[in-house]
Structure formats: structure tokens, C-alpha cells
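S.K.:
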Amino acid sequence: MMTDFREEFALEHKFVALGATETVDEGLKIEGYASFFGEEDRGGDIVTPGAYARSLAALEAKGSQVKMLWQHDPTQPIGVWDEVREDKRGLFVKGRVLTGIDRGREAAALITAGAIDGLSIGYRTVKATRDGKGRRLLNELELWEVSLVTFPMLPSARVGAKGDSPDGFALRELARAFEDARRMLAQE
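Under this note's numbering, residues 1 to 188 are what the sequence shown spells out, in order.
(1) Between which two residues does the beta strand (DSSP E) holding T190 run?
(2) Are the CB atoms of G95 and D82 nearer to each other than 7 Å?
(3) Count the C-beta pairs between the region 116 to 123 and the region 135 to 152 that are closer than 8 Å, then say yes if the count reaches three, no if not.
(4) When DSSP labels each residue in this structure, what does A34 get in the three-state scheme?
(5) The beta strand (DSSP E) spanning G95 covers which residue range?
(6) Have a look at E26 and K127 and give me their C-alpha separation to the nearest angstrom.
(7) Could you give the residue range of the beta strand (DSSP E) that holds E140?
(8) Which term fits R42, buried or exposed, when burial requires 16 or more other beta carbons within 10 angstroms of its beta carbon?
(9) Note down the Cα distance separating L185 from A57, rounded to an integer number of angstroms.
(10) Thinking just about the alpha-carbon of each residue, which of Q187, V149, L138 and T150 is nearest to the one in G38?
(11) Reducing DSSP to helix, strand and coil, say where G104 ends up.
(12) Go ahead and pull the three-state DSSP assignment for Q71.
(13) Kindly indicate which three-state DSSP category Q187 falls into: helix, strand or coil?
(14) Restricting to Cα atoms, I'd like to know which of G79, G63 and E86 is closest to L69.
(15) Across which residues does DSSP place E26 in a beta bridge pair?
(16) Since R85 sits in a beta bridge, which residues does DSSP pair it with?
(17) Buried or exposed: where does P207 fall if 16 or more other Cβ atoms within 10 Å of its Cβ makes it buried?
(18) Can you check which of these residues, I111, A115, E86 and D131, is closest to F53 by C-alpha distance?
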């Protein structure tokens with residue numbers, strides 16, 4: 001089957017909820033899963049285990065890194081991903097939203113308030129197949145960026161920190177974020 005060049009090299013996005021946050025001198029630390037293996041998203045795509053392995057290895061070999069963007073806008077980098085790795089659950093990311101820049105301060109405030117809680121991947125599909133139900137299985141992806149977003153494509157995804165159970169963890173982190181926001185507002 002012939003593939004249209006524009007379709008083959010088009011940047012795609014997938015979304016999941018954002019994980020833990022922590023304020024630090026150099027920004028707001030965040031972590032979570034940008035992608036979960038085996039879970040169908042709203043577009044009917046399912047990422048398979050190992051889909052990011054080659055891309056992550058290639059980035060590491062070049063001394064490059066996955067970019068942290070605001071709402072997939074390449075003109076608005078807002079931080080750095082200090083860790084991007086596959087594990088048995090999916091694509092785990094850990095990084096810092098840089099509050100020394102205007103958009104970073106805005107993003108940190110929105111995250112802390114709970115207004116933004118989504119992560120989304122920007123990638124190019126390298127290898128994909130279809131299952132018997134018409135869903136696309138994403139077997140190899142070239143990962144370009146992970147963005148902070150308003151609406152995640154994979155709304156049922158749960159996040160945890162370093163292997164914690166996502167049940168309860170997300171609620172504790174949300175409670176902590178609200179308490180931090182309350183303290184910040186009380187100081188003003």
C-alpha cells in the first residue's frame with residue numbers, strides 16, 4: 001500500500017494526565033506517564049511495549065533530549081525533561097518547568113492549581129499495524145517532544161511516582177497541590 005509522504009512524516013500527539021509536582025529553586029518538578037502501553041486512546045491507537053526504545057537510544061547516542069513544550073507549540077519550550085524512559089507501564093517522564101521564563105511561571109501556576117494536568121507526546125510513527133478491531137498498534141515511534149496540555153487524549157490514564165500505586169497517590173498529590181496553592185495565595 002502506498003503512503004502519502006505528508007501522512008508518513010506528520011507529527012502526531014497522544015495525551016495522558018500529569019503526575020506529581022514539586023516546587024524547587026530552579027522550577028517546578030513534575031513527573032508522570034506521557035504514554036501507557038496497551039491502552040486505547042480516543043483516536044483508536046494503542047502504543048505497544050518497546051515502541052520508544054530505538055528513539056530514546058538514538059537521542060542518547062546523539063547527546064540530545066526530548067523537548068518539553070507548552071501545548072505542542074515548538075516556539076514555547078517551558079522546561080526540560082531530566083528523565084525520559086520506558087518501563088513496564090509506559091513512557092515515564094520527570095523534569096522541571098522553568099519558572100524563570102514567563103510561560104513557565106504561568107504553566108507552573110496552572111499545574112499547581114490543577115487547571116493543567118495533561119501530558120501529550122509529539123512523535124512520528126515509524127512502524128504500525130492494525131489489529132482485528134481496526135485499531136492502530138504503534139510498534140515504533142520517533143519521539144520528538146512531551147508537552148504539558150489542557151486536554152489529554154488518554155483521560156483514563158493514572159499516574160504514580162517511581163512505581164507507587166496510582167490509586168491514592170494521585171489524590172494525595174492533588175491534595176498537596178491545593179495546599180501549596182492555598183499557602184502561596186495566603187502569602188500574597
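Glycine included, every Cβ here is placed at the ideal spot set by N, Cα and C.
M.R.: According to the data block:
(1) Any property of residue 190 remains undetermined from this structure, which presents the chain solely from 1 to 188.
(2) yes
(3) yes
(4) strand
(5) G90 to V97
(6) 38 Å
(7) R136 to V149
(8) exposed
(9) 43 Å
(10) L138
(11) helix
(12) coil
(13) helix
(14) G79
(15) DSSP output for E26 lists no bridge partner at all.
(16) F92
(17) Since the first residue shown for the chain is 1 and the last is 188, residue 207 is missing from the structure and cannot be characterised.
(18) Phe is not the amino acid found at residue 53; the sequence shown has Ala there. With distances taken between Cα atoms, A53 lies closest to E86.
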